[in-house]
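Chains as they are written, first to last, in our numbering: chain A, 379 to 593; chain Y, 379 to 593; chain H, 379 to 593; chain B, 379 to 593.
4 protein chains.
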Amino acid sequence: MKREMVTKRPKQAIARKSTGCRRNAQTSRSILDAAAALLQEKGYANFTIEEVARRAGASKSTIYRWWSSKMHLLLDIYGGDVEKMIEIPDFGSIEAEIIFLNRAIWKIWRETPSGQAFKSMIAELQGDPAAFEHWRSRFLPERRRKLLFTLQRAADRGELRPDIQLETVVDILFGYSWYRLLTGQIDDDVEVISSMVHEIVQGISLKSAFPAEPV
Amino acid sequence: MKREMVTKRPKQAIARKSTGCRRNAQTSRSILDAAAALLQEKGYANFTIEEVARRAGASKSTIYRWWSSKMHLLLDIYGGDVEKMIEIPDFGSIEAEIIFLNRAIWKIWRETPSGQAFKSMIAELQGDPAAFEHWRSRFLPERRRKLLFTLQRAADRGELRPDIQLETVVDILFGYSWYRLLTGQIDDDVEVISSMVHEIVQGISLKSAFPAEPV
Amino acid sequence: MKREMVTKRPKQAIARKSTGCRRNAQTSRSILDAAAALLQEKGYANFTIEEVARRAGASKSTIYRWWSSKMHLLLDIYGGDVEKMIEIPDFGSIEAEIIFLNRAIWKIWRETPSGQAFKSMIAELQGDPAAFEHWRSRFLPERRRKLLFTLQRAADRGELRPDIQLETVVDILFGYSWYRLLTGQIDDDVEVISSMVHEIVQGISLKSAFPAEPV
Amino acid sequence: MKREMVTKRPKQAIARKSTGCRRNAQTSRSILDAAAALLQEKGYANFTIEEVARRAGASKSTIYRWWSSKMHLLLDIYGGDVEKMIEIPDFGSIEAEIIFLNRAIWKIWRETPSGQAFKSMIAELQGDPAAFEHWRSRFLPERRRKLLFTLQRAADRGELRPDIQLETVVDILFGYSWYRLLTGQIDDDVEVISSMVHEIVQGISLKSAFPAEPV
DNA sequence: ATATAAACGAGACGGTACGTCGGGTCTTTTT
DNA sequence: AAAAAGACCCGACGTACCGTCTCGTTTATAT
Chain A
379 MKREMVTKRP
389 KQAIARKSTG
399 CRRNAQTSRS
409 ILDAAAALLQ
419 EKGYANFTIE
429 EVARRAGASK
439 STIYRWWSSK
449 MHLLLDIYGG
459 DVEKMIEIPD
469 FGSIEAEIIF
479 LNRAIWKIWR
489 ETPSGQAFKS
499 MIAELQGDPA
509 AFEHWRSRFL
519 PERRRKLLFT
529 LQRAADRGEL
539 RPDIQLETVV
549 DILFGYSWYR
559 LLTGQIDDDV
569 EVISSMVHEI
579 VQGISLKSAF
589 PAEPV
Chain Y
379 MKREMVTKRP
389 KQAIARKSTG
399 CRRNAQTSRS
409 ILDAAAALLQ
419 EKGYANFTIE
429 EVARRAGASK
439 STIYRWWSSK
449 MHLLLDIYGG
459 DVEKMIEIPD
469 FGSIEAEIIF
479 LNRAIWKIWR
489 ETPSGQAFKS
499 MIAELQGDPA
509 AFEHWRSRFL
519 PERRRKLLFT
529 LQRAADRGEL
539 RPDIQLETVV
549 DILFGYSWYR
559 LLTGQIDDDV
569 EVISSMVHEI
579 VQGISLKSAF
589 PAEPV
Chain H
379 MKREMVTKRP
389 KQAIARKSTG
399 CRRNAQTSRS
409 ILDAAAALLQ
419 EKGYANFTIE
429 EVARRAGASK
439 STIYRWWSSK
449 MHLLLDIYGG
459 DVEKMIEIPD
469 FGSIEAEIIF
479 LNRAIWKIWR
489 ETPSGQAFKS
499 MIAELQGDPA
509 AFEHWRSRFL
519 PERRRKLLFT
529 LQRAADRGEL
539 RPDIQLETVV
549 DILFGYSWYR
559 LLTGQIDDDV
569 EVISSMVHEI
579 VQGISLKSAF
589 PAEPV
Chain B
379 MKREMVTKRP
389 KQAIARKSTG
399 CRRNAQTSRS
409 ILDAAAALLQ
419 EKGYANFTIE
429 EVARRAGASK
439 STIYRWWSSK
449 MHLLLDIYGG
459 DVEKMIEIPD
469 FGSIEAEIIF
479 LNRAIWKIWR
489 ETPSGQAFKS
499 MIAELQGDPA
509 AFEHWRSRFL
519 PERRRKLLFT
529 LQRAADRGEL
539 RPDIQLETVV
549 DILFGYSWYR
559 LLTGQIDDDV
569 EVISSMVHEI
579 VQGISLKSAF
589 PAEPV
């Protein structure tokens, strides 16, 4: 619904006074569907605007009219809103909450074109400084927010060490997920995720089990 | 020196029975130099074989003769051996050791073409399944080894919880570094690295300060 | 004007059902002009599609879109229609008619790019069996027709021996012209042509002056 | 035997002052054989020095050492000497003699690589003015000589009209043979050759049968 | 017998053109 | 006005030969 947010002329969908055809919803759907399918089937190397147009039965011009670059198409395929719909319940345990979030995201990555789209976006960005900057300052922070909020909630519950840099923790958790995605390891392995979260939450050091040596 | 390791016909440098010209070292140097410079200056989007050839004053044929794909060129630009030269001293503290390693790698990424090359490799892999598989099974494990060894050493010192999955810890630490590299944040900020390592080693949970509930 | 006759998609100029841009006449003109000029100036050895594109300010794709091979370009440069416009008057004398035709063709060969194009076509054909076959069965007969018609007319006038194989005579006359063209001797030398035609028409044998040996 | 006549350093075979290996006859044989076979099998389009070297098991350098261009190779494949061996008997009839010569040449063209080589030479020449000039002034006249001699002999016998331009007759006869060769029609069809020769010798005009109208 | 010099193979190398493909932009026509 | 069709320029792709070159081995004189 809000998909068109990133496209070039978003307002027209909202208010329109002028004459002429309105944007054809069916067309933009079939373009996005074709793009998603293509990405899934043939991978990023064969993801060409030309092929998307061919499959969608649309013209290249139409694609370029609404998505000014590959990046914009990928963003729409990514459909981050799905991800946004994840609601993290208050389990009263940060470990449980992170595990829940991680499994939810990986599930989406696995089962929708999001994963492929996300990987492709990262690839695409390495060759486009302008897009990169926009992405880093607009797109990324929005994705981090939910996790940040959850961590803050746990901190408010008194569950976390008070000197923890929450942003750093987000870096760590995001880094882990990206790494697994980029190296093709995002199976639904509860053990793996639990162990990772446990390591991070509890720390890896043995000393932490005997803290402050009171004696 | 051993850069040619990843190129197409490595044996000839070692044993040679046949006649015929040997590979021109100067040429391959100027190709790699041109490639590195180009990557640095113009980024991955403008990294074309054609341009590399132009800059190196070499012919495309020569490049293709020795590097069968962009990936192979990137691997040689990466020059992973530099990274291999890092020796992690035994500080008797895993925190110190990880901090040391992280700073050393980031320094290389910042100050040589390695960083750009590495990012570009990740991008390239997203569109080349064959290269991807080779990379995941050959290239990656070798990079992880040093960290794994250091963690094992710490475990042997009794510094780590005995149930820790070392591979998972490597995932976490690699993930963090990749994330920072891919989002353009690998300044030499000791605070950032220290805080990250501290979080991971000590854990983020407050509860960890009252552990082991001694019955 | 009808030059495009031999190109790949000729019908579109005639009837059009679909939408979309029409072929740009200016572009195709400048390609043909550039091709003709290049052939004239640098000869067939330097006649490359790349150079034609460069000179015409056109892209290679555009050339390949409309002329699928060098041969097709040459055919259009040849512009055989010019040759077709030659009208052989009925002089009442086969000798005069052949002389007329020969001079007219040689004149075109000398003064337009046709000559070079024709020689180049013959060269090109020696390495392309498919083109060769097409050329032999489609292109050649059409060229021979006019001469054949003229000979038939003379035969009908009773000017020729009734047992003459007209096709053979065409072979002889075409052969002569090709030979002169390929060996670079097509000056406007009326003597040469007249003598050749005289030899052929009257025969070279002296005995023919005492023919018919009655009984 | 005298094949090497056209190669680059012919004198060495005659006089030798220096030390060093002599030219390896076996090598040059296998090169010429490979070249001839290649020309026969794949045609002129696939006739590349590289492929000749591959087949002959020779190095490109060796080929270039002795044959400075494709043209020189073709000339040696042509092996005009074979053609030179044709001895035209004195039949006392120019018609019979021309028929004899034509059949002999066509036979050679059909049954040896000469035909292909000759066609290829003509093609090659259209893109090489220097070679062309050399060929026209050295190679061609030698080929024409035998026919010229035969015609002269007939003239001396009083068989020909005294005002005939013999060179023109050679042009006509050569033109015919070239035309048939270049259009792929050199079967051993006695009828065709006889009819052609008859047309030329007797002339095509009926009038010639009632010459000089002496009343 | 031993230099010595050429012939030779292998193959690296810088070039140039090939024919194809995708990227974007633009024009024309239809809806 | 939106969309489809598609012509067009641009530039990179990866391949194939070109002709030149170096390198090291082999072979036949000439000393």
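Glycine is no exception: its CB is placed at the ideal position from the N, C-alpha and C atoms. No experiment lies behind these values; they were computed from the predicted model shown.
Which same chain residues end up closer than 7 Å to residue 452 of chain B when comparing Cβ atoms and leaving out the 5 residues on each side of it in sequence? For this step, residue 452 of chain B is matched to residue 74 along the fourth sequence. Excluding sequence neighbours, residue 452 of chain B sits near 495, 498, 499, 502.
Using a C-beta cutoff of 8 Å, does residue 568 of chain A count as contacting chain Y? Counting from one through the first sequence, the residue named residue 568 of chain A turns up at place 190. Output row for residue 568 of chain A: interface = no.
Under 8 Å: do the region 440-450 of chain H and the region 459-467 of chain H share three or more Cβ pairs, one atom per stretch? In the pairwise beta carbon analysis, the region 440-450 of chain H is classified as not touching the region 459-467 of chain H: fewer than three pairs are separated by under 8 Å.
Would you decide whether residue 592 of chain B is buried or exposed? Buried here means 16 or more other CB atoms lie within 10 Å of its CB. As a first step, residue 592 of chain B must be located in the fourth sequence, where it is residue number 214. Since pLDDT at residue 592 of chain B reaches only 41, below the 50 mark, its modelled position is unreliable, and the value read off the structure follows with that caveat. With fewer than 16 other CB atoms across the displayed protein chains lying within 10 angstroms of its CB, residue 592 of chain B is exposed.
Helix, strand or coil, according to DSSP, for residue 518 of chain B in the structure here? To locate residue 518 of chain B, count along the fourth sequence from 1; it is residue 140. Assignment of residue 518 of chain B by DSSP, reduced to helix, strand and coil, places it in the helix class.
Can you tell which of Y/407, Y/540, Y/425 has the C-alpha that lies nearest to the C-alpha of residue 435 of chain Y? Here the question's residue 435 of chain Y lines up with position 57 in the second sequence. When Y/407, Y/540, Y/425 are compared, the shortest CA-CA separation from residue 435 of chain Y is found for Y/407.
Between residue 580 of chain A and residue 581 of chain Y, is the Cβ-Cβ spacing less than 8 Å? On the first sequence, residue 580 of chain A is found 202 positions in, with the first residue counted as 1. On the second sequence, residue 581 of chain Y is found 203 positions in, with the first residue counted as 1. Note that the C-beta distance between residue 580 of chain A and residue 581 of chain Y is below 8 Å.
With burial defined as no fewer than 16 other Cβ atoms inside 10 Å of the residue's Cβ, what is the status of residue 454 of chain H: buried or exposed? Numbered from 1 along the third sequence, position 76 holds the residue referred to as residue 454 of chain H. Its Cβ being crowded by 16 or more others within 10 Å, residue 454 of chain H is buried.
Looking at the structure shown, is residue 417 of chain A part of a helix, part of a strand, or coil, going by DSSP? Counting from 1 along the first sequence, the entry for residue 417 of chain A is found at position 39. Assigned with DSSP and collapsed to three states, residue 417 of chain A falls in helix.
Report yes if the CB atom of residue 421 of chain Y is closer than 8 Å to the CB atom of residue 556 of chain A, and no otherwise. Indexing the second sequence from 1 puts residue 421 of chain Y at position 43. Indexing the first sequence from 1 puts residue 556 of chain A at position 178. Result no, Cβ atoms of residue 421 of chain Y and residue 556 of chain A do not sit closer than 8 Å.
Given a threshold of 16 other Cβ atoms within 10 Å of its Cβ, counted over all protein chains shown, does residue 534 of chain H qualify as buried or as exposed? Numbered from 1 along the third sequence, position 156 holds the residue referred to as residue 534 of chain H. Residue 534 of chain H is exposed by the Cβ-count criterion.
What residues in its chain sit with their C-beta under 6 Å from that of residue 518 of chain H, if we drop five residues either side in the sequence? Numbered from 1 along the third sequence, position 140 holds the residue referred to as residue 518 of chain H. Answer for residue 518 of chain H: no residue qualifies.
With a threshold of 8 Å on Cβ separation, who are the neighbours of residue 584 of chain Y within its own chain once the five nearest residues in sequence on each side are excluded? For the purposes of this step, residue 584 of chain Y is taken as the residue at position 206 of the second sequence. Nothing meets the Cβ criterion.
Taking 8 Å as the limit between beta carbons, can you name the residues of its chain near residue 468 of chain B, skipping five residues before and five after? Residue 468 of chain B sits at position 90 when you count from the first residue of the fourth sequence. Leaving aside the five residues that flank residue 468 of chain B on each side, the residues in its chain whose CB is nearer than 8 Å to its CB run, in chain order, 475, 531.
Mind checking which residues open and close the alpha helix (DSSP H) that includes residue 454 of chain B? Your numbering for residue 454 of chain B matches position 76 in the fourth sequence. 448-456 is the span of the alpha helix (DSSP H), which, as asked, contains residue 454 of chain B.
Whole-angstrom C-beta distance between residue 522 of chain H and residue 548 of chain H, which should lie under 8 Å: Mapped onto the third sequence, residue 548 of chain H falls at position 170. Mapped onto the third sequence, residue 522 of chain H falls at position 144. With 8 Å as the limit, residue 548 of chain H and residue 522 of chain H qualify as a contact, their Cβ atoms being about 5 Å apart.
Residues in the region 415-427 of chain A with C-beta within 7 Å of chain Y's C-beta atoms, listed in sequence order? Using a CB distance below 7 Å, the part of the region 415-427 of chain A facing chain Y consists of 421, 422, 423, ordered along the chain.
Quick one: what does DSSP say residue 577 of chain H is sitting in, helix, strand or coil? Position 199 of the third sequence holds residue 577 of chain H. The answer is helix: DSSP assigns residue 577 of chain H an H, G or I state.
Please list the terminal residues of the continuous alpha helix (DSSP H) segment that includes residue 435 of chain H. Position 57 of the third sequence holds residue 435 of chain H. Unbroken run through residue 435 of chain H: none, as it is neither H nor E.
Can you list, in chain order, the residues of its chain whose CB lies under 8 Å from that of residue 551 of chain B, leaving out five sequence neighbours each side? Walking along the fourth sequence from the start, residue 551 of chain B turns up at place 173. Cβ neighbours of residue 551 of chain B beyond the five flanking positions: 476, 480, 525, 578.
Rounded C-beta distance between residue 429 of chain H and residue 416 of chain H? I'm assuming under 8 Å. Mapped onto the third sequence, residue 429 of chain H falls at position 51. Mapped onto the third sequence, residue 416 of chain H falls at position 38. Indeed, because the Cβ distance is near 6 Å, the residues count as touching under 8 Å.
Distance cutoff 8 Å, beta carbons only. Does residue 592 of chain A sit that close to anything in chain Y? If you number the first sequence from 1, residue 592 of chain A lands on position 214. The pLDDT assigned to residue 592 of chain A is 41, lower than 50, so where the model puts this residue is not dependable; a value taken from the coordinates is nonetheless given after this. By the rule that beta-carbons nearer than 8 Å mark a contact, residue 592 of chain A does not touch chain Y.
On a Cα-Cα basis, can you pick out the residue from B/505, B/473, B/492 that is closest to residue 575 of chain B? To locate residue 575 of chain B, count along the fourth sequence from 1; it is residue 197. Checked all of B/505, B/473, B/492; the closest Cα to residue 575 of chain B is B/473.
Less than 8 Å between CB atoms is the rule here; does residue 456 of chain B satisfy it with respect to chain H? Here the question's residue 456 of chain B lines up with position 78 in the fourth sequence. False, the Cβ-Cβ gap to chain H never drops below 8 Å.
Check whether chain A comes within 8 Å of residue 483 of chain Y, counting only Cβ atoms and requiring the distance to be less than that. Within the second sequence, residue 483 of chain Y is the residue found at index 105, counting from 1. It does not; no Cβ of chain A falls within 8 Å.
Inter-residue spacing [alpha-carbon to alpha-carbon] between residue 490 of chain H and residue 563 of chain B: As a first step, residue 490 of chain H is located in the third sequence; it is residue number 112 there, counting from the start. As a first step, residue 563 of chain B is located in the fourth sequence; it is residue number 185 there, counting from the start. Approximately 29 Å between the Cα atoms of the pair.
Contacts of residue 468 of chain H in chain B (Cβ-Cβ under 8 Å): Numbered from its first residue, the third sequence carries residue 468 of chain H at position 90. What residue 468 of chain H touches in chain B: nothing, since even the nearest Cβ is about 16 Å away.
Consider the Cβ of residue 479 of chain Y: report whether some Cβ of chain A lies at a distance smaller than 8 Å. Taking the first residue of the second sequence as position 1, residue 479 of chain Y is located at position 101. No, no contact with chain A.
For residue 387 of chain B, count neighbouring C-beta atoms within 10 Å of its own C-beta (all shown protein chains included) and say buried if the count is 16 or more, exposed if not. For the purposes of this step, residue 387 of chain B is taken as the residue at position 9 of the fourth sequence. Summary for residue 387 of chain B: the model assigns pLDDT 42, below 50, so the residue's position carries little reliability; its value from the coordinates is reported in the next sentence. Around the C-beta of residue 387 of chain B, fewer than 16 other C-beta atoms lie within 10 Å, and the residue is accordingly described as exposed.
Which of helix, strand or coil DSSP assigns to residue 584 of chain Y: Taking the first residue of the second sequence as position 1, residue 584 of chain Y is located at position 206. Three-state DSSP puts residue 584 of chain Y in coil, outside helix and strand.
Could you give the first and the last residue of the continuous alpha helix (DSSP H) run that contains residue 549 of chain A? For the purposes of this step, residue 549 of chain A is taken as residue 171 along the first sequence, with counting starting at 1. For residue 549 of chain A, the enclosing alpha helix (DSSP H) has its first and last residue at 544-560.
Along chain H, which residues have their Cβ under 8 Å away from the Cβ of residue 500 of chain B? The residue labelled residue 500 of chain B in the question sits at position 122 within the fourth sequence. Proximity of chain H to residue 500 of chain B at the Cβ level (cut-off 8 Å) is accounted for by 500, 501, 504, 560, in chain order.
Is residue 566 of chain Y closer than 8 Å to residue 487 of chain Y when the C-beta atoms are compared? Your numbering for residue 487 of chain Y matches position 109 in the second sequence. Your numbering for residue 566 of chain Y matches position 188 in the second sequence. Not in contact: residue 487 of chain Y and residue 566 of chain Y (Cβ atoms no closer than 8 Å).
For residue 492 of chain H, count neighbouring Cβ atoms within 10 angstroms of its own Cβ and tell me buried if that reaches 16, exposed if not. The residue labelled residue 492 of chain H in the question sits at position 114 within the third sequence. Flag for residue 492 of chain H reads buried.
Rounded distance between the beta-carbons of residue 412 of chain A and residue 433 of chain A, thought under 8 Å: Taking the first sequence and counting its residues from 1, the one referred to as residue 433 of chain A is at position 55. Taking the first sequence and counting its residues from 1, the one referred to as residue 412 of chain A is at position 34. Yes, residue 433 of chain A and residue 412 of chain A are in contact; Cβ-Cβ is about 4 Å, under 8 Å.
C-beta neighbour in chain H for residue 577 of chain B, strict 8 Å: By one-based count along the fourth sequence, residue 577 of chain B stands at place 199. With 8 Å as the cut-off, residue 577 of chain B counts as an interface residue toward chain H.
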